[in-house]
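Below is one structure; the comments refer to it alone.
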Amino acid sequence: AHPNWSMGAKISIDSATLKNKGLELIEACFLFNCQADQIQVVVHPQSVIHSMVQYNDGSVIAELGQPDMRTPIAYGMAWPERIDAGVEHLNLFDIARLDFVEPDHETFPCLNLAKDAFERGGIFPAVLNAVNEVAVAAFLAEQIGFLAIPELIARIMQVCPEQSIDCLADVLAADQWAREQAHNILFEFEHQFATSKQKQKKITGQI
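The sequence shown begins at 54 in my numbering and counts up by one.
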């Protein structure tokens, strides 16, 4: 789940919360015209298998490669051709083993939040993404705690109105609304985080 290569601060946090996998679930649903329950999120520590497709006959085709962003970037730039991305070729003997773990949805609530956003449709995916960006920025600025990220998202999702997306302007309006709502209640989480830090300092001082 967590990348084994440099992805930048924002995406590293998204990987730690599994929000990145939630967003990828939404992307896959739209790209392949499928439902959320047709996609299974799998935690794969080696980050060698990047996607798998299971067919009606039960067979599975997997896409393997080095955990290096140069590969997908080169593919995107050269499509439909394949070019040398400067990435070392995969050596299965060096990898030796491939592990798979089912994600804990209680530990990583962002997965269910993403699935819920897709199933509710309309502006919910845009709202989910916008609030997550506000929450992660606040965490990186040490204004809120790590666990507050999914809590903030859930709060805004609860008050999000049912509204369809008919054009790009609707997406941008939903994004702006979500950010404003998130900033309006952010002080609550900031206060909780500051209080928690003060308590921790007192406990540390006593020890």
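Beta carbons: idealized from backbone N, C-alpha and C, even for Gly.
When the Cα of P162 is compared with those of Q88, Q216 and R208, which residue comes out closest? Against the sequence shown, residue 162 aligns to sequence position 109. Per the Cα distances, R208.
Looking at the C-beta of V94, does it have a partner C-beta in chain C at a distance below 8 Å? No chain C appears in this structure, which consists of one protein chain only.
DSSP three-state label for H55, please. Along the sequence shown, one-based indexing puts residue 55 at 2. With a pLDDT of 49 at H55, under the threshold of 50, the modelled position of this residue cannot be trusted, and the question is left open.
Which residues share a DSSP beta bridge with Q107? On the sequence shown, residue 107 is found 54 positions in, with the first residue counted as 1. Bridge partners of Q107: V113.
At the level of alpha carbons, what is the spacing between I206 and D90? Position 153 of the sequence shown, counted from the start, is the residue given in the question as residue 206. Position 37 of the sequence shown, counted from the start, is the residue given in the question as residue 90. When rounded, the distance between both Cα atoms is 22 Å.
Among F177, P120 and K168, which one has its Cα closest to the Cα of Q216? Numbered from 1 along the sequence shown, position 163 holds the residue referred to as residue 216. If we check each option's Cα against that of Q216, F177 comes out closest.
Paired residues, beta bridge with V154 - DSSP: Residue mapping note: residue 154 aligns to position 101 of the sequence shown, counting from 1. In the DSSP output, where bridge partners are listed per residue, V154 has V96.
Suppose you measure from the CA of A231 to the CA of A69; what does that come to, to the nearest Å? Within the sequence shown, residue 231 is the residue found at index 178, counting from 1. Within the sequence shown, residue 69 is the residue found at index 16, counting from 1. If I take the Cα positions, the gap works out to 22 Å.
Considering only their Cβ atoms, is the gap separating L181 from L166 smaller than 8 Å? Taking the sequence shown and counting its residues from 1, one reaches residue 166 at position 113. Taking the sequence shown and counting its residues from 1, one reaches residue 181 at position 128. Closer than 8 Å, so yes.
Can you check which of these residues, Q119, A170 and P125, is closest to V212 by C-alpha distance? Taking the first residue of the sequence shown as position 1, residue 212 is located at position 159. For V212, the nearest C-alpha among the options comes from A170.
Measure from the alpha carbon of P156 to the alpha carbon of each residue in A81, G198, K72 and S65, then state which is nearest. Taking the sequence shown and counting its residues from 1, one reaches residue 156 at position 103. When only C-alpha atoms are compared, the closest one is K72.
My parser needs the alpha helix (DSSP H) runs of 4 or more residues fully inside the stretch 168-253; what are they? 177-193 and 201-212
According to DSSP, which residues form a beta bridge with I102? For the purposes of this step, residue 102 is taken as residue 49 along the sequence shown, with counting starting at 1. Bridge partners of I102: L117.
Within the same chain, show all residues whose beta-carbon is closer than 8 Å to that of E243, passing over the 5 residues directly before and after it, in chain order. Reading the sequence shown from its first residue, position 190 is the one you call residue 243. Result list for E243: A191, Q196 and I197, in chain order.
Please look up how many angstroms separate the CB atoms of V189 and I66, rounded, as I've assumed it's under 8 Å. Along the sequence shown, read from residue 1 onward, the residue named residue 189 stands at position 136. Along the sequence shown, read from residue 1 onward, the residue named residue 66 stands at position 13. At roughly 5 Å, the Cβ-Cβ gap stays under 8 Å, so V189 and I66 are in contact.
Quick check on DSSP: helix, strand or coil for L84? In the sequence shown, counting from the first residue as 1, residue 84 sits at position 31. Three-state result, L84: helix.
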